Amino acid sequence: MNLLIVEDDKETLNFLKPSLKAEGFVVDIAEDGEAGSYKAKTNDYDLVILDIGLPRKDGRQVCSEIRSAGKTMPILILSIKGEIETKVDLLSIGADDYITKPYSYAELAARVKALIRRPQKVEDEILRVGDIELNLPKRSVYRAGKKVHLAPKEFFLLEYLLRNRGRVLTRQTILEHVWDMNADLFTNTVETHVTILRRKLKGRNKNDFIRTVSGTGYVID
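Its first residue numbered 1, the sequence shown is counted upward by one per residue in the UniProt record's numbering.
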């Protein structure tokens with residue numbers, strides 16, 4: 001498995017590179033955003049570990065350029081507290097997961113292995129239920145062939161519900177996965193966004209595809 005680490009901190013690089021090589025990975029490095037963007041776009045890596053605060057080109061821009069080039073490898077963001085506020089922010093820049101500094105190597109290695117195990121086939125990047133289609137690479141949603149415009153939080157909420165189809169998700173579980181669980185959110189945040197999703201995705205059938213389970217949460221059957 002080939003990894004690219006885009007990180008300007010030499011101490012971090014000197015620790016991560018040999019540690020990941022000891023796990024059996026082939027590790028390439030780039031010490032600024034411009035070099036990282038070029039390497040990620042011109043090579044076939046199985047995963048990119050990308051720092052947000054980089055010289056010459058910000059990590060957000062690098063991530064966006066990688067996705068714009070059509071590369072679909074998982075991207076794990078390294079950030080300090082406050083750089084990535086929620087998983088919706090993560091989604092908006094095209095990354096797959098993030099880890100906040102300081103972190104343990106065991107946690108980072110576990111995230112890397114989990115992301116690499118995730119199927120990367122195109123069919124796995126398109127989620128469907130009934131006449132609703134969510135295309136992850138294109139960040140687009142269609143209902144009955146008609147494009148539906150969703151805000152980033154709405155898109156991520158729909159993706160999470162679709163990935164867990166048939167499973168009743170509690171409000172707290174949704175908060176933890178769609179929003180930072182420590183974020184200062186109003187108590188009706190989930191309810192409000194579910195209502196917006198229902199309105200935007202309302203089809204000819206009056207039955208809601210997001211079902212409320214009284215006293216528990218929500219499920220897509």
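Glycine included, each C-beta is placed from N, C-alpha and C at the ideal position. What you are looking at is a predicted structure, and each value in this text was computed from that prediction instead of being measured.
Alpha-carbon to alpha-carbon, residue j and residue i
i	j	result
V27	V48	10 Å
K54	I29	Here the sequence assigns Leu to residue 54, which means Lys is not the residue at that position. So the two alpha carbons sit approximately 13 Å from each other.
K21	L108	14 Å
R163	L127	8 Å
residue 249	N43	Lying outside 1 to 221, the shown extent of the chain, residue 249 is not represented and no answer is given.
R111	K200	34 Å
I93	R139	11 Å
A151	G33	28 Å
T195	I174	14 Å
Y38	A69	10 Å
E159	N188	20 Å
S104	Q61	26 Å
G215	R167	15 Å
V213	F155	21 Å
S19	H149	43 Å
K71	F25	20 Å
E31	E23	22 Å
Cut-off 6 Å between Cβ atoms - residues of its own chain near residue i, not counting five sequence neighbours on either side
i	result
E133	Y142
G59	L50, D51, I52
A95	C63, I75, I77
L157	V178, H193
E125	L136, P137
V190	R171, I174
E7	L13, D51
N-terminal and C-terminal residue of the beta strand (DSSP E) that residue i is part of
i	result
I66	Per DSSP, I66 belongs to no beta strand (DSSP E); it is in the alpha helix (DSSP H), 59 to 68.
I49	47 to 51
I126	126 to 129
Limits of the alpha helix (DSSP H) - the one that residue i falls within
i	result
N135	Here N135 belongs to no alpha helix (DSSP H); instead the beta strand (DSSP E) covers 132 to 135.
T212	Not the alpha helix (DSSP H): T212 falls in the beta strand (DSSP E), residues 210 to 213.
V178	171 to 178
V190	189 to 200
I220	Segment 217 to 220 is the beta strand (DSSP E) holding I220; no alpha helix (DSSP H) there.
I116	105 to 117
L162	152 to 163
E34	33 to 42
Residues near residue i by beta carbon distance below 8 Å, same chain, minus five either side
i	result
E11	none
D9	D51
L169	Y160, L161, G217, Y218, V219
Nonlocal neighbours in the same chain, by C-beta distance under 7 Å from residue i, ignoring five residues either side
i	result
D46	M1, N2, L3, M73, I116
I5	L13, L16, K17, V27, I29, I49
T197	Here residue 197 turns out to be Leu, not Thr, going by the sequence shown. Result list for L197: E154, L157, L158, I210, in chain order.
Residues bridged to residue i (per DSSP)
i	result
Y98	I77
K147	Y142
N2	V26
Nearest-angstrom beta carbon gap, residue j and residue i [assumed within contact, 8 Å]
i	j	result
K101	S79	7 Å
K153	H193	6 Å
I220	R171	Between R171 and I220 the Cβ distance is about 15 Å, and since that is not below 8 Å, they are no contact.
I66	A40	5 Å
F209	V129	7 Å
Y218	L161	7 Å
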